[in-house]
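S.K.:
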């Protein structure tokens, strides 16, 4: 929880929706004074307490939550009598069946490096492990995120772009801001329902100034800077006093250009839109509009999306085999 509190009080640029920011603030700084960082996990989902403890010896808390979610997905999909498909989060396991699918869960607030929350750095590591595993043929990005921390997404995007294996993005409820920064790298992007929303492509900074409150309590801030340190933290001090021009121009705008360039490079329909198109200015859309604009390619059930990812993986494997055969002639 301290990771989220530190991020929200830091003044760092965020790729996040307004609703997502409110949700994060209430989670990190609840009105009742009790944080929601509850280490009690649902053992009913298929893991005993001993199994969870053993799992956490080599995984993060978020990976444990994702693993439990994956077990639930597998339980549901197995009941559908679909063709056998191996969806896995053990990306380095070379004992997996051929054409296994790497399951990457991007849920909640995006953090660069976190134990309890989704981590961009961890996803990068997982992608590289899955790319190196010959038993895995496709990546499945499962997203439900309002966005979050902007830092490190450029490096994660480099890794996503470099993946040779196909990527299918499947989102439910929302795929916004930093969530879409990640999800846009899918060769195919599907919503779960007609009422999921996607977009909010933009950059913001938001934090609270507690100094007036402290002043009422009789707590006075004392600060001094060296003669030659007049610019130290000045851009943030100016921002706090309502002078945001330099912060916007030198910090938010360059990050936003990176974001827009990345999205446009991955989604051909967006590449041809003018700069003042609503989708490039932070607007959010439900599935029918998203498909029309080019943010998404349609809607699928979870089973349908997994089946399509399996097909993409098989096609990739067959193409690689053909390429190898031609090369060896």
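Residue numbers (the working numbering): 2 to 330.
Just so you know, even glycine gets a beta-carbon here, dropped at the ideal spot from N, CA and C.
For clarity, every value in this text was computed on a predicted model and none was experimentally measured.
(1) So does the stretch 232 to 247 actually touch the stretch 184 to 199, counting three or more Cβ pairs closer than 8 Å?
(2) Under 8 Å between the Cβ atoms of residue 184 and residue 170?
(3) Beta carbon of residue 120, beta carbon of residue 63: below 8 Å?
(4) Can you look up residue 147 in the DSSP assignment and give me helix, strand or coil?
(5) Can you tell me where the beta strand (DSSP E) holding residue 323 begins and where it ends?
(6) Could you tell me whether the Cβ atoms of residue 112 and residue 150 are closer together than 8 Å?
(7) Does DSSP put residue 156 in a helix, in a strand, or in coil?
(8) Can a CB atom of chain B be found closer than 8 Å to the CB of residue 283?
(9) So residue 89 packs on residue 103, CB below 8 Å; how close in whole Å?
(10) Relative to the C-alpha of residue 246, which candidate in 221, 212 and 206 has its C-alpha closest?
(11) Straight-line CA distance for residue 222 to residue 212?
(12) For my contact list, residue 132 and residue 166 are in at a C-beta cut-off of 8 Å; report their separation, rounded to the angstrom.
(13) Which same chain residues end up closer than 8 Å to residue 96 when comparing Cβ atoms and leaving out the 5 residues on each side of it in sequence?
(14) Quick test of your reading: residue 202 and residue 172, contact by CB under 8 Å. State the CB separation rounded to the nearest angstrom.
(15) When you compare only the Cα positions, how much space is there between residue 300 and residue 60?
(16) Note down, in chain order, each residue of its chain lying with its Cβ closer than 6 Å to the Cβ of residue 295, except the 5 sequence neighbours on either side.
(17) Going by C-alpha to C-alpha distance, which of 318, 257, 291 and 303 sits closest to residue 74?
(18) Output needed for residue 141: all residues of its chain with C-beta closer than 6 Å, excluding positions within five of it in sequence on either side, in chain order.
(19) Between residue 261 and residue 281, what straight-line distance do the alpha-carbon atoms span, to the nearest angstrom?
(20) Kindly list the residues whose CB is nearer than 7 Å to the CB of residue 114, restricted to its own chain and excluding five residues on each side of it in sequence; keep chain order.
(21) Would DSSP call residue 28 helix, strand or coil?
(22) Along the chain, where does the beta strand (DSSP E) containing residue 241 start, and where does it finish?
(23) I need the boundaries of the beta strand (DSSP E) containing residue 169, first residue and last residue.
M.R.: Judging by the given coordinates:
(1) These segments do not touch.
(2) The residue you call residue 184 lines up with position 183 of the chain shown. The residue you call residue 170 lines up with position 169 of the chain shown. The Cβ atoms of residue 184 and residue 170 sit closer than 8 Å to each other.
(3) Translated into positions along the chain shown, residue 120 becomes position 119. Translated into positions along the chain shown, residue 63 becomes position 62. Yes, the pair counts as a contact, with Cβ atoms nearer than the cut-off.
(4) Sequence index remark: in the chain shown, residue 147 carries index 146 (1-based). Note: residue 147 maps to strand in three-state DSSP.
(5) Here the question's residue 323 lines up with position 322 in the chain shown. Careful: residue 323 lies outside any beta strand (DSSP E), inside the alpha helix (DSSP H) at 303 to 329.
(6) Here residue 112 refers to the residue found at position 111 when the chain shown is read from its first residue. Here residue 150 refers to the residue found at position 149 when the chain shown is read from its first residue. Result yes, Cβ atoms of residue 112 and residue 150 sit closer than 8 Å.
(7) In the chain shown, counting from the first residue as 1, residue 156 sits at position 155. In the structure shown, residue 156 sits in a helix (DSSP, three-state: H, G or I).
(8) In the structure shown, chain B cannot be found, because there is only a single protein chain.
(9) To locate residue 89, count along the chain shown from 1; it is residue 88. To locate residue 103, count along the chain shown from 1; it is residue 102. About 6 Å; that satisfies the 8 Å criterion.
(10) Indexing the chain shown from 1 puts residue 246 at position 245. Measuring from the Cα of residue 246, the nearest candidate turns out to be 206.
(11) Locating residue 222 in the chain shown gives position 221, where the first residue counts as 1. Locating residue 212 in the chain shown gives position 211, where the first residue counts as 1. Pairing residue 222 with residue 212, the inter-Cα distance amounts to about 8 Å.
(12) The sequence position of residue 132 within the chain shown is 131, counting from 1. The sequence position of residue 166 within the chain shown is 165, counting from 1. Residue 132 to residue 166, Cβ: 6 Å. Contact.
(13) Position 95 of the chain shown, counted from the first residue, corresponds to residue 96. Setting aside the 5 residues that flank it on each side, residue 96 is surrounded in the same chain by 136, each with a C-beta closer than 8 Å to its C-beta; the list follows chain order.
(14) Translated into the one-based positions of the chain shown, residue 202 becomes position 201. Translated into the one-based positions of the chain shown, residue 172 becomes position 171. Not confirmed; about 14 Å, so no contact.
(15) Start at 1 with the first residue of the chain shown, and residue 300 comes out as number 299. Start at 1 with the first residue of the chain shown, and residue 60 comes out as number 59. Computed Cα separation, rounded: 32 Å.
(16) On the chain shown, residue 295 is found 294 positions in, with the first residue counted as 1. The residues are 268, 270 and 271.
(17) To locate residue 74, count along the chain shown from 1; it is residue 73. When only C-alpha atoms are compared, the closest one is 303.
(18) Reading the chain shown from its first residue, position 140 is the one you call residue 141. For residue 141, where only same-chain residues beyond five positions count, the Cβ hits under 6 Å are 102, 104, 169 and 310.
(19) What you label residue 261 is simply residue 260 of the chain shown in a count that begins at 1. What you label residue 281 is simply residue 280 of the chain shown in a count that begins at 1. If I take the Cα positions, the gap works out to 7 Å.
(20) In the chain shown, residue 114 corresponds to position 113, counting from 1. Answer for residue 114: 120 and 122, listed in chain order.
(21) Numbered from its first residue, the chain shown carries residue 28 at position 27. Three-state DSSP puts residue 28 in a helix.
(22) Position 240 of the chain shown, counted from the first residue, corresponds to residue 241. Membership of residue 241 in any beta strand (DSSP E) is not indicated; the residue belongs instead to the alpha helix (DSSP H) covering 235 to 241.
(23) Within the chain shown, residue 169 is the residue found at index 168, counting from 1. Start and end: 168 to 177.
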